[in-house]
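So that you can map any letter, position 2 of the sequence shown is 3 in our numbering, and since no number is skipped, the others follow by simple counting.
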Amino acid sequence: MKIFIDGKGAIVGRLGSYAAKELLKGKEVVILNSEEAIISGDKKDILEKVFVLRKKGGNSLKGPKISKLPDRFLKRKIRGMLPWDKPRGRAAYKRLRCYVGGALKEDEKKNIKKIEWKKPAKYMTIKQIVSYLK
């Protein structure tokens with residue numbers, strides 16, 4: 002069973018925890034508009050954390066990979082919420098799909114879930130964060 006989630010305006014932590022729970026139940030999760038998901042907090046603090054993680058990267062074979070693509074950036078955040086060291090966590094990660102934009106068929110548009118929360122006063126979208134990484 003596929004679950005379609007619209008990432009537009011969704012807070013990354015809450016979106017990720019919901020997606021991780023559904024993945025561990027054995028469902029396939031498709032996240033659309035992943036570039037429009039938001040991370041709450043002050044702009045300076047968010048970028049500082051991302052740049053510190055990026056600096057730890059070392060050479061191309063080691064370290065945390067901070068992708069410049071918004072869909073992969075979100076997918077990596079959700080991976081941190083899965084039990085990656087166990088086979089069921091890795092299998093769940095393979096069932097996760099993140100896309101930029103949201104082109105769907107007519108029958109699939111009815112099944113989209115929106116995770117809506119009150120937007121925080123200070124936030125950045127994943128699209129803005131990734132634009133600073135380029």
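Beta carbons: idealized from backbone N, C-alpha and C, even for Gly. These numbers were taken from a predicted model, which means no experiment stands behind them.
Contact between the region 10-27 and the region 70-80: three or more CB pairs below 8 Å? Touching, per the Cβ criterion.
Which one of Val51, Ile12, Ile32 and Gly14 has the shortest CA to CA distance from Ser132? Position 131 of the sequence shown, counted from the start, is the residue given in the question as residue 132. Here the closest residue by C-alpha is Val51.
Counting only the same chain and skipping the five closest in sequence on each side, list residues whose C-beta sits under 7 Å from that of Ala93. One-based indexing of the sequence shown puts residue 93 at position 92. The answer, listed in chain order, is Leu24, Leu25 and Leu83.
How many whole angstroms separate the CB atoms of Glu124 and Ile39, which I take to be in contact at a CB cut-off of 8 Å? For the purposes of this step, residue 124 is taken as residue 123 along the sequence shown, with counting starting at 1. For the purposes of this step, residue 39 is taken as residue 38 along the sequence shown, with counting starting at 1. Glu is not the amino acid found at residue 124; the sequence shown has Tyr there. Indeed they touch by this definition, with Cβ atoms about 4 Å apart.
Report the residue from Glu37, Asp86, Phe74 and Ser41 whose alpha carbon sits nearest the alpha carbon of Leu54. As a working note, residue 54 is residue 53 in the sequence shown. Closest by alpha carbon: Phe74.
Where does Lys123 fall in DSSP's three states? Within the sequence shown, numbered from 1, the residue matching residue 123 stands at position 122. Three-state DSSP puts Lys123 in coil, outside helix and strand.
Going by the beta-carbon positions, is the gap between Gly103 and Leu33 smaller than 8 Å? Here residue 103 corresponds to residue number 102 of the sequence shown, with the count starting at 1. Here residue 33 corresponds to residue number 32 of the sequence shown, with the count starting at 1. Taking 8 Å as the Cβ cut-off, Gly103 and Leu33 qualify as a contacting pair.
Could you please give the first and the last residue of the uninterrupted alpha helix (DSSP H) stretch that includes Ile47? In the sequence shown, the residue the question calls residue 47 occupies position 46. Looking at the DSSP string, the run of the alpha helix (DSSP H) that includes Ile47 is Lys44 to Lys56.
Using a Cβ cut-off of 8 Å (strictly closer), state whether Gly27 contacts chain B. Of the chains in the structure shown, none is chain B; there is only one protein chain.
By a C-beta neighbour count over all protein chains shown, 10 Å radius and 16 as the cutoff for buried, is Ala122 buried or exposed? The residue you call residue 122 lines up with position 121 of the sequence shown. The residue in question, Ala122, is exposed, as its Cβ has fewer than 16 Cβ neighbours within 10 Å.
Three-state secondary structure assigned by DSSP to Arg89: On the sequence shown, residue 89 is found 88 positions in, with the first residue counted as 1. Here Arg89 sits in helix by DSSP.
For Glu23, the first and last residue of its enclosing alpha helix (DSSP H): Here residue 23 refers to the residue found at position 22 when the sequence shown is read from its first residue. Val13 to Leu25 is the span of the alpha helix (DSSP H), which, as asked, contains Glu23.
Boundaries (first-last residue) of the beta strand (DSSP E) holding Arg98: Translated into positions along the sequence shown, residue 98 becomes position 97. Run containing Arg98: Leu97 to Cys99, per the beta strand (DSSP E) assignment.
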